[in-house]
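Below is one structure, written out as structure tokens; comments come after it.
Residue numbers (the numbering used here), protein chains in the order written: chain H, 1 to 117; chain V, 118 to 232.
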């Protein structure tokens, strides 16, 4: 089982609809959660971070975290064609190397979202 | 200020050649990460530096991969005797580690194609 899993997609929604992207993770000790957007041929761009249970809203984006269920999601309201991209879920856990602990991100495989006019 | 930069953006290497990929992190960022991203997959961790110290190299796929950050800023990922399976996008990310915020910022990546 992968440490971070995303619904495989691709996900296709009409313009103006709500797109819902889901992610589950296996490490209960994970503390921080991130959503990155990656356009084709480009690098990942951080769009949301969430650290506490509940919802966090930023413009048209809402991240939802449920640590008990080990589940994090991203909702995109009023989806636009420019939102078409791959969305990567990343989970921060603690790694230990040489006696030093550091935060380490593990990424899901990404969900391709297509918003059609 | 400037973001993370990487060079070259594209690299074509013949099988067996050595390549060197450069990363310039955001100024002042202590943490630097290298990732490998295969087509259709999420980034996979390769190695981590805290300042000039390489604290974790557990993700390097073989001893042909080597990374350094001698002065705690610019980093180089070197791949010796490249193989076709090394073809991927190599991403560098940096982070300014604080108590409450831990966000990594990615460079544009280097797309390596081994022929």
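We put the beta carbon where it would ideally sit given N, CA and C, even for glycine. Quantities reported herein were computed from a predicted structural model and do not represent experimental measurements.
Query	Result
Beta-bridge partners of residue 51/H, as assigned by DSSP	In the DSSP output, where bridge partners are listed per residue, residue 51/H has none listed.
Sub-9 Å separation of residue 75/H and residue 18/H beta-carbons	yes
Chain-ordered neighbours of residue 220/V on chain H, where CB pairs are closer than 8 Å	34, 46, 49
Burial state of residue 80/H, where buried means 16 or more other Cβ atoms lie within 10 Å	exposed
Chain V contacts from the segment 105-116 of chain H (Cβ-Cβ distance under 7 Å)	105, 107, 108, 109, 110
contact_flag[the segment 197-216 of chain V, the segment 139-146 of chain V] where n(CB pairs < 8 Å) is 3 or more	yes
Beta-carbon gap between residue 194/V and residue 205/V smaller than 9 Å	no
Nearest to residue 128/V (by Cα), restricted to the options 148/V, 221/V, 203/V	203/V
Opposing strand residues paired with residue 199/V [DSSP bridges]	Its beta-bridge partners do not exist; DSSP assigns none.
Rounded C-alpha distance that separates residue 58/H from residue 86/H	19 Å
Rounded straight-line distance, which links the Cα of residue 232/V to that of residue 29/H	42 Å
Residue 102/H to residue 173/V span [Cα, whole Å]	9 Å
Collapsed DSSP secondary structure at residue 190/V in the structure displayed	coil
9 Å Cβ cutoff, residue 65/H in contact with chain A	Going by chain labels, chain A is absent from the structure shown, which instead holds the protein chains H and V.
Option in 25/H, 109/H, 43/H, 47/H with minimal Cα separation from residue 227/V	43/H
Chain V within 9 Å of residue 97/H, Cβ atoms only	yes
Residue 24/H, buried or exposed, once every other Cβ within 10 Å from all chains shown has been counted against 16	buried
Rounded C-alpha distance that separates residue 20/H from residue 187/V	43 Å
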